[in-house]
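Residue numbers (our numbering), protein chains in the order written: chain U, 1 to 111; chain R, 1001 to 1115.
Structure below.
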């Protein structure tokens, strides 16, 4: 079992819809969870992070964390074609001081 | 504004050459990381450093070494480049080692091709 799992996609949504991206992790000691966006040929850029159970909102983005079920999700409201990218989930654990990345989900927003 | 820079965006080297990839951050961050990213495999940690002259192996350190002589600079060295080291190399930095709110910031990446 991979430590951090994401569906590779592509996930296709129409413009204006809500895109839902999911990530599961195996280490119950994980404390922080990050979402990065990566455009083709570019480096990852941070969207947001979450460390408490529940929802965290930042503009059109909402991160949701459920530690009991070991999953974290990212919702993108009012999706735009410019949101088309690969979204990486990363998990940090104080036990290892390392960030573990998923392989990413490719999102396509159709105009 | 957060800034991580890498010495080259694209690099082409020959098998057996010694390759240096440089990374500089101007945010006074303690931690620096080197990853490689390959299709279908995601980001894999090669080495990281949480202090000057300190280094720790990541998940795939074989064939690589690192150097951190100054806080702002972290170098990745391919002792004898091989074709299976063709990849995108990403440097990242973060502020504090032991903080669950710490965040990594990435440089633009170096696409290395070994012929």
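Just so you know, even glycine gets a beta-carbon here, dropped at the ideal spot from N, CA and C.
Problem set entry | Cα-Cα separation, residue 1051/R to residue 71/U | 32 Å
For this session: Tell me whether residue 1107/R is buried or exposed, calling it buried when 16 or more other Cβ atoms sit within 10 Å of its Cβ.
Result: buried
Exercise. Which residue comes first and which comes last in the beta strand (DSSP E) that contains residue 80/U?
Worked result: It is not in any beta strand (DSSP E) - residue 80/U carries neither H nor E in the DSSP assignment.
For this session: List the DSSP bridge partners of residue 121/U.
Result: Residue 121/U lies beyond the residue range present for chain U, which begins at 1 and ends at 111; the question has no answer from this structure.
Exercise. Closest Cβ-Cβ distance between residue 1025/R and chain U: below 8 Å?
Worked result: no
Problem set entry | Residue from 1113/R, 1111/R, 1112/R, 1096/R with nearest C-alpha to residue 1105/R | 1096/R
For this session: Please determine, among 91/U, 77/U, 42/U, 63/U, the residue with the shortest C-alpha to C-alpha distance to residue 16/U.
Result: 77/U
Problem set entry | Local Cβ density within 10 Å of residue 1020/R, reported as buried at 16 or more and exposed below that | exposed
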